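S.K.: The structure is given below, and queries will be raised subsequently.
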Amino acid sequence: MSVHEQFAEDLALLALGSLQGDQRAAVEQHLAGCPSCRRELEQLRGDMSLLALSTAGPKPPARAKERLMSAIANQPRAQRSESPPVPWWAVLGWAAAAAMIIMVALLWQQNQTLEQHVANLSAELKQQQAELANAREVVATLTRPDAVVTVVTANTRPQPQGKAFYVRDQARLVFIASNLPQLPPQKAYELWLIPANGKAPVPAGVFKPDVRGSAAVINPPLPVGVEPKAFAMTIEPEQGSSTPTMPIVMVGAGE
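Take a look at the structure:
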């Protein structure tokens, strides 16, 4: 196919005004250097002008009409694009996919809820196990035959009283008090373990009584193996003190 044949159809489209974009630019670039194609384009445009005047003026030559119709016939026709109808099973497929997505989302949400519920139950179980272990330690301390039982009293009425159950080898201490006077604001009671070797008193717990004057200290952090000479109570700031603040309000030696 020659260059002129290659552009023949494009010349007809250009004469009709139907050539656009890159194809129009390519034809115009070719026309700039091809006198033969320029003459062909002028003839086609002249034929179209004669055809346009055929309804209002003299009839154009048959040759012009035939050449124009031939050029139009050679023009490539655009294929009509028609979308094929969507089959019913494709619609059902999309519906099933959407239903599956919704089901997965619901299952995921239920799974998250179950996981949270299991986590809450696990936390409650751990708390109950810790409370049970603490209760067993208290019972073991109260019932140990080698526990040192110390009665701590005061000389006021109604007489405040406390009892300390202390296991030296395991550093376990349970202290129970009753009839304790209420304290001024920002003050608290502090229990002290007085060592038998004369060393400094060991802090054994800071506490406040309830409205009935009752209080308890259960397994405060203590060094292991300290032989007690006595237990004593003082009134200290709420955060406790490292050494007792006089006076001692209650004291008792081991039984």
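Under the working numbering, the letters of the sequence shown match residues 684 to 938, in that order.
Ideal Cβ positions, reconstructed from N, Cα and C, are used throughout, including at glycine.
It should be emphasised that the depicted structure is a prediction, and the values quoted were computed from it without experimental measurement.
#1: If we ignore side chains and look at the alpha-carbon of each, how far apart do GLN795 and ILE784 end up?
#2: Within the chosen definition, does the segment 911 to 926 reach the segment 892 to 903 through at least 3 CB pairs nearer than 8 Å?
#3: When you compare the CB positions of LYS870 and ILE918, do they come within less than 7 Å of one another, or not?
#4: Could you give the first and the last residue of the continuous beta strand (DSSP E) run that contains GLN922?
#5: In the DSSP assignment, what residue or residues form a beta bridge with GLU873?
#6: State the CB to CB distance for the pair LEU866 and LYS891, rounded to an integer number of angstroms; the pair is presumed to be in contact (CB under 8 Å).
#7: For the beta strand (DSSP E) holding ARG707, just list the boundary residues, first then last.
#8: For VAL909, does the three-state DSSP call read helix, strand or coil?
#9: According to DSSP, is GLN811 helix, strand or coil?
#10: Is GLN844 helix, strand or coil by DSSP?
#11: Among the residues of its own chain, which have a CB less than 6 Å from the CB of GLY888, if the five just before and after it don't count?
#12: Under a three-way DSSP split, which group does SER861 fall into?
#13: Kindly give me the distance between the Cβ atoms of ASN862 and PRO841, rounded to whole angstroms, as I take these residues to be in contact under 8 Å.
#14: Do GLY935 and ARG851 have their C-beta atoms within less than 7 Å of each other?
#15: Measure the C-alpha to C-alpha separation of VAL710 and ASP693 and round it to an integer number of angstroms.
M.R.: In this structure, then:
#1: 17 Å
#2: no
#3: yes
#4: No beta strand (DSSP E) holds GLN922; DSSP gives it neither H nor E.
#5: VAL889, THR917
#6: 6 Å
#7: No beta strand (DSSP E) contains ARG707, which is instead part of the alpha helix (DSSP H) from 704 to 714.
#8: coil
#9: helix
#10: strand
#11: LEU874, VAL900, PRO903
#12: strand
#13: 5 Å
#14: no
#15: 7 Å
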